[in-house]
Every structure is written in C-alpha cells, then in structure tokens.
Amino acid sequence: MKIEVLGTGCAKCKTLEKVVQEAVAKSGKFAQIVKVEDIMKIMEYQVLSTPALVIDGKVVSSGRVLSVDEVLAFINA
Amino acid sequence: MFDWWQSLSGMLIFDILGFVPQTHLGEALHFFLYDTLKIFMLLIAIIFLVSFLRTYFNTEKVRVYLQRKSEFTGNVLAAFFGIITPFCSCSAIPLFLGFMQARIPMGITFSFLISAPLNNEIAIAMLFGLFGWKITALYIGFGLFVAIFGGYVIGKMRLEKYVLIPVTPMEGELADVKIELSVEQRAKEAWEYTLDIFKKIYLYVIVGVGIGAFIHGFVPADFIAQYAGGDVWYAVPLAVIMGIPMYSNAAGVMPLVEVLTDKGMLLGTALSFMMAVTALSLPEAMILKRILHVKLIALFFGIVGFGILVVGYVFNLIL
C-alpha cells in the first residue's frame, strides 16, 4: 500500500503526515508513506486544497486534517 | 440580545466583588467580563453556523461553477463564492494553478482570492459580536466590491506573463463534484472545526478585549478626535498600512477597533483598517511568491489597497 500526503509545506500538512504515520502504526499493516511537496505533482492529482490524502493513487480526502480513526478506516477499506 | 448578561456581569463585578460603579477600574472590569464572554458565545455560534454551511461547498465545486464564465459575471460569482467556501491561504497555490488549468481567467481567480480571506469566519463573527449586523453587512458588501473591482482590474491588465510556472490548460469540461455527507457528519465536522479555531484564538480575544477594556475605562472619550484628529485626510491610508502586518490577529485587533471607534475614530477608517487586516495578508503573499512574480503580487496589494482606501473615504463622507 502506498499512502501519499500532498501539501506544500503548511502546518496542517505536517499534522496530517503525523496522523498518517500513527494510523499506519496502529493498523499493523505495511504501507509506504510519501510526502509530496512538489506543486506540479500535486496538481496532477487535481487537488485544489491541501492537505490531501492519496491512497494507491486515489484521492480520498482534500483540504482537511483527518483524525487517526478516519485514516485507519481508509487503510482498512 | 445580551441585556441579561450585561446586568448579570454588572451584578458580579459591583455587588458580589464589591467594585465601585462609575470608577475607572470598575467600569474597565465590567466591560472586560461582559465583552469577553459575549464575544466567546457569539464566536462559537457564528463559526459553527458558517462552517456548517460551508460543508456544502468546496473549492473543487467552485471551480466547476466558474468554468466558462465571462469576465464580469465570473468576478461577481467568485467574490460571492469567497464567502461560503472553506478556504485556507495555505491552499492558495494549488487553487491558483488549478483554476488556471480549468481556463478560468486570472482576474476571476483573484476575485476569489481577495474575497475568501476577507470574509473569513473569525472576522465575520468578531464583527457581528462587536458592531452588530449592520456594520457586518456593510463590511461584507464593501468587501465584495473590493474583491470584484480588484479582480476585474487585475484581469483587464493581462498579467498572465507574471505567472512563473507553466500551466497546461486541461481539455473539456469538468464534471460536477459531489459532497456526500449526512447532516450529522456535517454538524460533527463543523463542531470540531469550531473548537479548533476557538482554541487558536481565545487568548488573542482576551488580550484584545483586555487592552480595549483598559482604554474604555481610562482613556477620555474624545481622545482620538482631540489628539489624532478623527477626520484628518491621512487617517484612512494610515489605518490600511497599520492593518497589513496584523493578519493572524484579526481576533485580537477587532476589540481594539471597537473601543477606538467609541473614542472618536471614524467608522470608515475602522472598516478600512479591518479590511486591510484580513485582505492584505503578508503570509499569503509569501506563499504566492513561489508561483507569481513579485510585480504581480505588488500590483495585487496595490489594487486591493486602493479599493479599501476608496471604501474608507466614501464611508467617512456619507456617515
């Protein structure tokens, strides 16, 4: 599983990255977490508000800092 | 609406705690207690309401609506969307580029980028709490004017060459975006967001009201009119320049503005100041600098600043 956190480096983006790390640790699954800061790459996902969360190439959330449980639900889905 | 709290807080300060009414200290304390709690209640209620309504919109949806709109109509729509769309200035870059990809004219994008921070939920809640609905409506109305005017002028100047990143326009039309949330989910989200904001700003409110209470109790009523001259010509530009560095502190600055208007500052000057605080944001300019030439950002500030000046002068004249 590949989880990408899209964000240009704002405070909210960093928070989301930490949440994702915690969620992955909780899930016990093996997942690669990538922080995408390059604006051109972010644009490729058609995301207009950051932070956004991408799981296996699919945008599952944008413009929000999710809770650990919400991210867990996405990982287990 | 808050008469009960006015008398209750008065009873607490004067009867129970024994401070003397009509003294500097007593009046300042009463003002502080009354204002802080009133603003806290209004902040929570209004931010919750605004963020609940905003769960029905997002920037992706706005982009779909704005695609293929002609210049003036687009500017007006974008300015209105700025009020009801959740937006954080940290998303300014993806928003800007994403709108360009959808071939939305740059002036329309700027109308949105001016209107959104101007009509942020904290500013609106503070204004409503301190000045009442009439001033809030005027602020929103004039804010829309500045956003439409600023975006329109920037659009007419054809400044696309100052965008530093090449943007490939996408083909075809965008499909509408659906937001599927139940009312409970929206309420829950709005409530979490409200608490989040409240935690961030309550200290600023207390400090702002504290200084305001001090001025309220200790500074004579015609102080500003007497010493600074409420209607001098340079009051409005001075207010705008002073407003620029105060972006993150709208919550702390606005209680001060309320007290200063009590002490003789003209309302147009006050409105200009508050608009400069919210619309001319240095952090947002720094973010946009990564994709826009400094010249474009300077023009953006200049044009919006000019619009705010006009609002201040007109308002001082007609009131």
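First to last, the sequence lines map onto chains A and B. Mapping of the first sequence onto the numbering used here: position 57 corresponds to residue 57, and the numbering continues sequentially without gaps. Mapping of the second sequence onto the numbering used here: position 12 corresponds to residue 12, and the numbering continues sequentially without gaps. For glycine and all other residues, C-beta sits at the position ideal for the given N, C-alpha and C.
Assumed close pair residue i, residue j - CB separation to whole angstroms, cut-off 8 Å
i	j	result
L280 of chain B	F142 of chain B	That pair is no contact at about 15 Å.
V47 of chain A	P94 of chain B	6 Å
I308 of chain B	V146 of chain B	6 Å
I135 of chain B	L127 of chain B	6 Å
L118 of chain B	T278 of chain B	5 Å
M106 of chain B	L164 of chain B	The Cβ separation is near 13 Å, so there is no contact.
V167 of chain B	M246 of chain B	No, V167 of chain B and M246 of chain B are not in contact; Cβ-Cβ is about 33 Å, not under 8 Å.
A79 of chain B	I140 of chain B	Not quite, the Cβ-Cβ distance comes to about 10 Å (not below 8 Å), so this is no contact.
G26 of chain B	I47 of chain B	Rounded, the Cβ-Cβ distance is 32 Å, inconsistent with contact.
K2 of chain A	V34 of chain A	7 Å
D35 of chain B	P255 of chain B	7 Å
F306 of chain B	A285 of chain B	Rounded, the Cβ-Cβ distance is 16 Å, inconsistent with contact.
A102 of chain B	M170 of chain B	7 Å
L33 of chain B	S9 of chain B	5 Å
I287 of chain B	G150 of chain B	No, I287 of chain B and G150 of chain B are not in contact; Cβ-Cβ is about 18 Å, not under 8 Å.
S89 of chain B	T194 of chain B	The pair is not a contact, with the Cβ atoms about 19 Å apart (cut-off 8 Å).
K69 of chain B	I108 of chain B	7 Å
Extent of the continuous alpha helix (DSSP H) run through residue i
i	result
A77 of chain A	Here A77 of chain A belongs to no alpha helix (DSSP H), and DSSP marks it neither H nor E.
V257 of chain B	250-262
I47 of chain B	24-54
L118 of chain B	106-118
E189 of chain B	183-218
V277 of chain B	267-279
V19 of chain A	11-27
I33 of chain A	Per DSSP, I33 of chain A belongs to no alpha helix (DSSP H); it is in the beta strand (DSSP E), 32-36.
I165 of chain B	Neither: I165 of chain B is in no alpha helix (DSSP H) and is coded neither H nor E.
I333 of chain B	In the structure as shown, chain B starts at 1 and stops at 319, and residue 333 of chain B therefore has no counterpart that could be examined.
K41 of chain A	39-44
A92 of chain B	92-101
F14 of chain B	Note, F14 of chain B: premise wrong, no alpha helix (DSSP H); not H, not E.
Y313 of chain B	294-318
F57 of chain B	No alpha helix (DSSP H) contains F57 of chain B, which DSSP labels as neither H nor E.
A79 of chain B	71-84
L282 of chain B	282-288
The beta strand (DSSP E) enclosing residue i, as first and last residue numbers
i	result
A52 of chain A	52-55
S61 of chain A	58-62
E4 of chain A	2-6
Cβ of residue i within 9 Å of any chain B Cβ
i	result
G63 of chain A	yes
Nonlocal neighbours in the same chain, by C-beta distance under 6 Å from residue i, ignoring five residues either side
i	result
V65 of chain A	K12, T15, L16
F31 of chain B	A213, H216
M41 of chain B	none
M40 of chain A	none
Close beta carbons around residue i, own chain, < 7 Å, minus the five adjacent residues each side
i	result
V257 of chain B	A270, F273, M274
A116 of chain B	G82, T85, F87
V207 of chain B	G252
V68 of chain A	V19, E22, A23, K26
Y204 of chain B	N249, A251, G252
F2 of chain B	K38
Contact with chain A by residue i, beta-carbon distance below 9 Å
i	result
E60 of chain B	yes
I197 of chain B	no
P94 of chain B	yes
R290 of chain B	yes
S51 of chain B	no
L282 of chain B	no
F99 of chain B	yes
I108 of chain B	no
I165 of chain B	yes
I122 of chain B	no
I104 of chain B	no
S91 of chain B	yes
I179 of chain B	no
I287 of chain B	yes
Same chain, Cβ closer than 8 Å to residue i, five either side skipped, listed in chain order
i	result
A52 of chain A	V5, L6, G7, I42, Y45, V59, S61, S62, G63
Y162 of chain B	L292, H293, K295, L296
K200 of chain B	none
G268 of chain B	V236, V311, G312, Y313, V314, F315, N316, L317, L319
L97 of chain B	I165, V167, I291
N58 of chain B	T85, P86, V177, I179
W191 of chain B	F48
A77 of chain A	none
R63 of chain B	G98, F99, A102, I104, L174
Check: residue i C-beta below 8 Å from any heavy atom of the ligand GDP
i	result
S9 of chain B	Of the ligands one can find in the structure shown there are none, so the ligand GDP has no counterpart to examine.
Below-9 Å beta-carbon distance, residue i vs any chain D residue
i	result
F315 of chain B	Of the chains in the structure shown, none is chain D; the protein chains are A and B.
In chain order, what residues of the region 37-50 of chain A put their CB closer than 8 Å to some CB of chain B?
-> I39, M40, I42, M43, Q46, V47, L48, S49, T50
Q) Taking a cut of 7 Å between CB atoms, which residues from the region 2-34 of chain A lie near chain B? A) T8, C10, K12
Which residues, in order along the region 60-87 of chain B, keep a beta-carbon less than 9 Å from a beta-carbon of chain A?
Taking 9 Å as the Cβ-Cβ cut-off against chain A, the residues of the region 60-87 of chain B that qualify are E60, V62, R63, P86, F87.
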